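First to last, the sequence lines map onto chains A and B.
Residue numbering for the first sequence follows the working numbering, beginning at 205 and increasing consecutively.
Residue numbering for the second sequence follows the working numbering, beginning at -9 and increasing consecutively.
Below: one structure, written as structure tokens.
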Amino acid sequence: MVLAQILLNGILLGGLYGLMALGMALVWGVLNIVNLSHGALIMLGGYVVYYLFTIGGIDPFVALPIAMLVMFAVGFLLQYYLLNLVVRSKMLNTLLITFGLDVVLTYLAQLTFSADFRTINPPYAGANFALFGLTVPSVRLAAFVVAIVLAAALWFLLHRMALGRAIRATAQNLVAARLYGVNPSVLYAVTFGIGTALAGAAGGLYGMIANLTPYIGASLTAKSFVIAIIGGLSNPFYVIFGGIFVGIAESLTALYIGPTYSDVISFGLLVVVLVLRPNRTLRTS
Amino acid sequence: MTKDILTIKGLNAGYGAVPVLFDLDLTVREGEIVSMVGSNGAGKTTLLRAISRIIPATGTMTFDGEDLLPLKPEGAFSRGLVQVPEGRQLFGHMTVEENMMMGANRRRDGGVAESFERVYALFPKMKERRRQLAGNMSGGEQQMCAMARALMANPKLLVIDEMSLGLAPVIVDDLLAILTDIRAQGLTVLLVEQDVFAAFSVADRAYVMETGRIVREGPISELANDPAVRDAYLGAEH
Ligand SMILES: Nc1ncnc2c1ncn2[C@@H]1O[C@H](COP(=O)(O)OP(=O)(O)OP(=O)(O)O)[C@@H](O)[C@H]1O
Ligand SMILES: [Mg+2]
């Protein structure tokens, strides 16, 4: 029973992890940017939802789509005016510029939001219900469902809509995309905007089940990076599976080895995956 | 009496500081197939990149009565100047149908379904293969897919770079026949080819390019009998 409960917790948390990695995988696959500021953008999205809730009085789940719009705009502008300078350039350049961005965002967050812990605490935060003898925390279940819904929405966008087709086309053949009516700077900005909006949603959900501080970005970037590699860049659902895998592994580690090791486990998994499947392709399709 | 669709005068273009095209003049009239021939590195692809506004250029270029020079690639494309690039450049992980939908990317005229039917009638094989990934097809099929994608844009001028490259002669003949059909439907074509025989078999007029300059131009009947052209390009096969 304990094991089943631990597995359930891991799965629910893992869905959220998958959502965290979704935007990073999209941006990586299409723009070839490993965005080291991705976790900082998650953090920012968390604060947007936090303030919409505490100051605006908006229910955090209702605030999520608003935060996603705000974060889309943030991402669009960042890509259009800054990151387009390094898109498809050497990996080192993109790492340097997004690392710099991470530092700047973290510092600005500390100035603006202070270093205090914040939690998004709606009245139903502690609610849970019993199912087959297990305790299901309502907010975590809702976060899991939101993650699945957003992954499905991203899949639908990429595979069934003209914009998504243009995004995939540009990732596959830039020369042809330009000849066929795609303006790459705008398309990249839209893609990064979508990735940032997804990060924002993840941040809002994260803030409901854990503490927000300006410093959570780095470890969330690392976790997203590991999950993007495990799940690959080609299919949003694989990324969610990757997240669930890591979520379960973390929960089991906490149970059997000790909670202090649960943060280490994702990198352990990364090493295992890279050893077992060294030429795993990271191309998007 | 037929009007010019593309008029180029005094075009200079190149890559950064390296000039490739020098003072080039070219005209394509509505309803014609015009071909541009020349050996490796003459600058044919560079010309097409300039026409599609991928690389900067100076001189004058008019497309369908409008100044082409200030346009971006997507602007030229949405006005009906559509290119089938060298090497096909398909979206390899997308299906044939998705590639064709990318051709109709910027269309807002509601005629996309009808275009699908018309293009599938020209390329029945593409209809059979519509769910197949473009990257997994043979060279000839890929060339058909690239042409089908271009036709989905409902072009006013179809620009094709090295249609015959790497294809078996029978397949080249098929494609040439399709080009003739397309022209019969009223489309204008600028065909860049190294295979002078293939080009001359369908074109009305041709230009010969050498190291970035036009050295000969005229109707096919004239050029095919021009001793210099025969020696340089048709010699081995006559
Ligand atoms: N991207 C580029 N950057 C710099 N120089 C280039 C580039 N592409 C082509 N060139 C140069 O421009 C010149 C013309 O090349 P271009 O590709 O236009 O020739 P082409 O007539 O199309 O040849 P081919 O028949 O082999 O396709 C060549 O000297 C080539 O080296
Ligand atoms: Mg060429």
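Glycine included, each C-beta is placed from N, C-alpha and C at the ideal position.
Source: prediction; values computed, not measured.
Residue side-chain check: B:V10 places its Cβ nearer than 6 angstroms to a non-hydrogen atom of ligand 1. CA-to-CA, the gap between A:D263 and A:R322 works out to about 16 angstroms. If you draw a 10 Å sphere on the C-beta of A:T339, you find fewer than 16 other C-beta atoms in it, and that means exposed.
If the five residues before and after A:L309 are omitted, its C-beta is found closer than 8 angstroms to the C-beta atoms of S241, A244, L245, M247, L248 and G421, all from its own chain and listed in chain order. Within the DSSP bridge table, the entry for A:M205 names no partner. The continuous beta strand (DSSP E) containing B:P9 extends over residues V8 to R19. Within chain B, E64, F67, S68, N95 and R96 have C-beta atoms less than 7 angstroms from the C-beta of A:G385, given in sequence order.
Between ligand 1 and B:T201, a heavy atom-to-CB distance of less than 6 angstroms is absent. The continuous alpha helix (DSSP H) containing A:L273 extends over residues P264 to Y285.
Taking B:G33 as reference, the option from B:I210, B:R139, B:M142 and B:D151 with the minimal CA-CA separation is B:D151. Only exposed fits A:G304, as fewer than 16 other CB atoms lie within 10 angstroms of its CB.
Using a Cβ-Cβ cut-off of 9 angstroms, B:L80 is close to Q376, N377 and A380 of chain A, given in chain order. B:R121 carries a coil assignment under DSSP once its states are collapsed to helix, strand and coil.
For B:G31, the Cβ falls inside the 6 angstroms cut-off from some heavy atom of ligand 1. Between B:D13 and B:I(-2) the beta-carbon gap is near 11 angstroms, outside 8 angstroms, which marks them as no contact. Counting only unbroken stretches of 3 or more residues, no beta strand (DSSP E) element lies wholly within the region 383 to 449 of chain A. Taking C-beta atoms under 8 angstroms as the contact rule, B:L37 and B:L61 fail to qualify, at a distance of about 16 angstroms. The Cβ of B:Q133 sits no closer than 7 angstroms to any Cβ of chain A. Residues of the region 312 to 335 of chain A with a C-beta atom less than 8 angstroms from some C-beta of chain B do not occur.
Separation of A:V252 and A:G261 (C-alpha to C-alpha, rounded to the nearest whole angstrom) is 12 angstroms. Proximity of chain B to A:R369 at the Cβ level (cut-off 7 angstroms) is accounted for by E88, M91 and M92, in chain order.
Below the 9 angstroms Cβ cutoff, chain B contributes F81, M84, E88, N89, M92 and N95 as neighbours of A:A373, in chain order.
Pairing B:K117 with B:G70 gives a Cβ-Cβ distance that is not under 7 angstroms. Residue side-chain check: B:E183 keeps its Cβ at 6 angstroms or more from all non-hydrogen atoms of ligand 2. Shown here, B:G0 sits in a strand according to DSSP, grouped into three states. If you check the C-beta of A:T374 against ligand 1, you find no heavy atom less than 6 angstroms away. Under the three-state reduction of DSSP output, B:R206 falls in the strand class. For A:F333 and A:P341, the gap between their C-alpha atoms comes out near 7 angstroms.
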